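Peer 1: In UniProt numbering, the protein residues as written are 1 to 117.
Ideal placement from N, C-alpha and C gives every residue a C-beta, glycine not left out.
Everything numeric in this text was worked out from a predicted model, so none of it was measured.
Just passing along the structure, written as structure tokens.
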Amino acid sequence: MRYLMLVLDTPDAPAEPADVPDIESWVRDTYGSGRAVMGDRLRPPADAVGVQVRTGEVVVTDGPFTETKEVIAGFDVLEAPDLDEAIRIAAAHPMAYTGAIELRPFWPLDLDSDAGA
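Here is the structure:
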């Protein structure tokens, strides 16, 4: 099963503990074993753009957009047999120590099953 792992930066995070793994090791272990499909860091919220369509018009809004203190700093797409394994992978990420991680299972559209309808 695939999981989207959102890597969250939390500005009020506690001081970095001494036992935080380095990102290079996490990337090498996770991507090297095939448990991650793709990922990247993201530009800051100030570089974000919102897109909406209202009354037939495209409305583009400059970021940031949310009132939350946490911001999405990056993402990874994980390939794991179950949620327990996805949690284990996420818990080894350095931002689990100094920020936060959110795991979201993919919800496939199953477009192929509609082809015969």
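1) Mind checking whether the beta-carbon of Gly-50 lies closer than 7 angstroms to any heavy atom of the ligand PLP?
2) Take Ile-101 as the anchor and find which of Gly-74, Asp-112, Asp-84, Glu-16 has the nearest alpha-carbon.
3) Tell me the DSSP secondary structure of Asp-40 in three-state form.
4) Could you say which of Thr-98, Trp-26, Leu-111 lies nearest to Pro-17 if we only look at CA atoms?
5) Looking at the strands, I want to know which residues DSSP matches up with Phe-75.
6) Give the straight-line distance between the Cα atoms of Asp-40 and Gln-52, rounded to the nearest whole angstrom.
7) Quick one: using the 10 Å Cβ neighbour count with 16 as the cut-off for buried, is Ala-86 buried or exposed?
8) I'd like the list of long-range same chain contacts for Ala-80, defined as Cβ closer than 7 angstroms, with 5 residues on each side in sequence excluded.
9) How would you write the range of the alpha helix (DSSP H) that Asp-84 sits in, first residue to last?
10) Along the chain, where does the beta strand (DSSP E) containing Asp-62 start, and where does it finish?
Peer 2: Taking the definition as stated:
1) The ligand content of the structure shown is nil, which means the ligand PLP is not present either.
2) Gly-74
3) strand
4) Thr-98
5) Leu-6, Asp-40
6) 25 angstroms
7) buried
8) Met-1, Tyr-3, Arg-35, Ala-86, Ile-89
9) 83 to 91
10) 57 to 62
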